[in-house]
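Chemist: Protein chains in written order, with my numbering: chain A, 28 to 303; chain B, 28 to 303. Quick one: this structure, given as structure tokens, is what I'll be asking you about.
There are 2 protein chains.
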Amino acid sequence: MKRSERLVDMVKYLLARPHTLIALPFFAERYDAAKSSISEDLAILKQTLASNQDGILETVAGAAGGVRYIPFIGKNYAREYLTELADRIEEPDRILPGNFVYLSDILGSPQDLRRIGQLIATKYAYSNVDYVMTVETKGIAIAQAVSRFLNVPFVLVRRRPKITEGATISVNYVASSSDRVEKMELAKRSLPSDSNVLIVDDFMKGGGTLTGMEELVNEFDCHVVGMSVLCETKYASQKVVDDYQSLIKITEVDRNKKLIKVEPGNFLEQTDFDRF
Amino acid sequence: MKRSERLVDMVKYLLARPHTLIALPFFAERYDAAKSSISEDLAILKQTLASNQDGILETVAGAAGGVRYIPFIGKNYAREYLTELADRIEEPDRILPGNFVYLSDILGSPQDLRRIGQLIATKYAYSNVDYVMTVETKGIAIAQAVSRFLNVPFVLVRRRPKITEGATISVNYVASSSDRVEKMELAKRSLPSDSNVLIVDDFMKGGGTLTGMEELVNEFDCHVVGMSVLCETKYASQKVVDDYQSLIKITEVDRNKKLIKVEPGNFLEQTDFDRF
């Protein structure tokens, strides 16, 4: 097999398995090639990815070594995308009665979900995330997108009891949108204790739902490594969480005036792009 | 830029944008290379993908021509994966009270969702799908996985009214699991009329939910191009749909006897792998 053919297959293989250590002998056997040739292939791959600010190929030395593909997006590209996304959300047609904002098109767009997943996975690339957690329903798209690029499972917290998940642990929380005490629960078998959990959601107002998930993580004897939301909105009272990132921030919305103002959230400042 | 570097970038670019026509001049400009060199690159790419039964690079000739990456999985690989998946589901621990089966781990696994998405996208690669449709909650993971590989948006039917989606159209349906008449609805703006819709879901018993979605597609003046579910189970009465594919079939489940029998569903017979 020629180098060019090996490279094509290698990229495909690695992209489908981010954050996974692949031993050199695996590729040598797959392509029936010398380890020295494989090393040269990987050097080319590494350099090309690095020069495009579009993922890293990490080399792990030693007998148990190999390579690991880490998806990431550079800061300029991140800023460009979030600015463009904010512009798209800044359409008066999106304002629904009650000043809610229609985002379902973005939450169903594979190209947006790819970028959103890459962005959040960039921030948490070295946080040893074991599970991504979200709460039904719209958070699922975000969780699945991040899960793909961190290559770890996601778990789904339910707002209503389900009979198809077995025993659960539940917590109460105060929903910022209604100020009511509600209940959320997670299947016991879905999250092993001592896991590192990244919490994500589509929308955040006061942070009540995020706080509920934090509490649930504690009830499972796990650790919260971070919280990211696609979109936060201004909130009259004090938010109940402060350590979170938002990709997008809605600063003003008024259906009567057909006015909506949107800007990139605090994600750009809170992410250390220079590590890469 | 060297050929090897161009190839690495091209694969990455095309894999992120399946089913999208990319004009040759786009690549020529991106790499500052002659069109003849780009044509040679693409020929290498095409051949490597074809020999691995792992996607196709379609060439579209003419002035408006270019290349298009079509993800697909070969039949042997599909059979191997579905057999292995059936084995994993055949664990007595998965049987919940009421003979429900725990599948949440598979619906949250990025590697399973990648394969499930590729499989369903293989079957519908040439069906001109415009939208993937599913109903909350667990179907979302399947819809998003398929949406990624067909590179079309997915829309989410709700079982309960939501205030964050604007005007909706609703239908009634009879849920096979409860025999009760229920209601499902979809935001009007989420699905333009005359679209081709692929319906997917995680689980199917009698097919009542699928029928409800079919009706909803009709109410939107759209066309159903097919229906796929991850898992179907035996059902005492006649199923109300017959034109569907299931990846996995649960043929027996009995919590008292700790017995569960699972096999690949009708997907393999119903898919024409030889088109590729």
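Every residue, glycine too, gets a C-beta built ideally from N, C-alpha and C. None of the values given here were measured: they were computed from a predicted structure.
1. Under 8 Å, Cβ to Cβ, is there at least one residue of chain B near A:T75?
2. For B:Q297 and B:Q272, what's the separation of their Cα atoms in angstroms?
3. Closest to A:S255 by C-alpha separation, out of A:S136, A:K266, A:L274, A:E241, would be which residue?
4. Using CA atoms only, rank isn't needed, just tell me which of A:V162, A:I49, A:A214, A:G234 is closest to A:D270.
5. Could you confirm whether any beta carbon from chain B is found closer than 8 Å to the beta carbon of A:R126?
6. Of all the CB atoms in chain A, is at least one closer than 8 Å to the CB of B:D270?
7. Name, please, each residue of chain A whose Cβ falls closer than 8 Å to the Cβ of B:F99.
8. Are the C-beta of B:Q171 and some C-beta of chain A separated by less than 8 Å?
9. Only counting runs of 4 or more residues, tell me where the alpha helix (DSSP H) segments fall wholly within the segment 49-91 of chain B, in order along the chain.
10. Between the alpha carbons of B:P119 and B:V198, how many angstroms are there, rounded?
11. Do A:I49 and A:L41 have their beta-carbon atoms positioned less than 8 Å apart in this structure?
12. Taking the C-alpha atoms as reference points, what is the distance between B:F54 and B:L237?
13. I'd like to know if B:D157 contacts chain A, where contact means its C-beta is closer than 8 Å to some C-beta of that chain.
14. Helix or strand or just coil, what does DSSP make of A:R216?
15. Does the beta-carbon distance from A:Y200 to A:K232 come in below 8 Å?
16. When the cut-off is 8 Å and only beta carbons count, does B:T164 lie next to chain A?
17. Taking Cβ positions only, does A:V182 come closer than 8 Å to chain B?
18. Is B:D139 helix, strand or coil by DSSP?
19. Quick one: list the residues of chain A neighbouring B:R175, beta-carbon separation under 7 Å, in chain order.
20. When DSSP builds the beta bridges, which residues end up paired with B:M211?
21. Note down, in chain order, each residue of its chain lying with its Cβ closer than 7 Å to the Cβ of A:E192, except the 5 sequence neighbours on either side.
22. So is B:T278 buried or exposed if we call it buried at 16+ other beta carbons inside 10 Å?
23. Who are the Cβ neighbours of B:P52 in its own chain at under 8 Å, not counting the five residues just before and after it?
24. Is there a C-beta anywhere in chain B that falls below 8 Å from the one on A:L243?
25. If you drop the 5 nearest sequence neighbours on each side, which residues of the same chain put their C-beta closer than 6 Å to that of A:K285?
26. Run through chain B and tell me which residues come within less than 8 Å of A:E192, C-beta to C-beta.
27. So, is the C-beta of A:I275 closer than 8 Å to a C-beta in chain B?
28. With distances taken from CA atoms, which of B:L84, B:L123, B:D68, B:A105 is nearest B:R95?
29. Is A:V252 near A:S154, with beta carbons less than 8 Å apart?
30. Please confirm whether A:I226 has its beta-carbon closer than 8 Å to some beta-carbon of chain B.
31. Would you check if the distance between the CB atom of B:A168 and the CB atom of A:I100 is smaller than 8 Å?
32. With C-beta atoms as the reference, is A:S217 less than 8 Å away from A:C249?
33. For chain B, is any of its Cβ atoms less than 8 Å away from the one on A:E85?
34. Taking the CB atoms as reference points, tell me whether B:V179 and B:L243 lie closer together than 8 Å.
35. As a quick exercise: from A:V267, A:E56, A:I190, A:N283, pick the residue whose alpha carbon is nearest that of B:L130.
36. Scan the segment 101-160 of chain B and note each continuous alpha helix (DSSP H) run of 4 residues or more that stays entirely inside, going in chain order.
Modeler: Straight from the coordinates:
1. yes
2. 7 Å
3. A:L274
4. A:G234
5. According to the sequence provided, residue 126 of chain A is Asn. The question's Arg does not apply to it. No, because no Cβ of chain B sits closer than 8 Å to the Cβ of A:N126.
6. no
7. Under the 8 Å cutoff, chain A gives no residues; its nearest Cβ is about 13 Å from B:F99.
8. yes
9. 51-58, 62-78
10. 37 Å
11. yes
12. 42 Å
13. no
14. helix
15. no
16. yes
17. yes
18. helix
19. P137
20. B:V198
21. A214
22. exposed
23. K62
24. no
25. P119
26. L123, Y129, S131
27. no
28. B:L84
29. yes
30. no
31. no
32. no
33. no
34. no
35. A:I190
36. 102-116, 137-150
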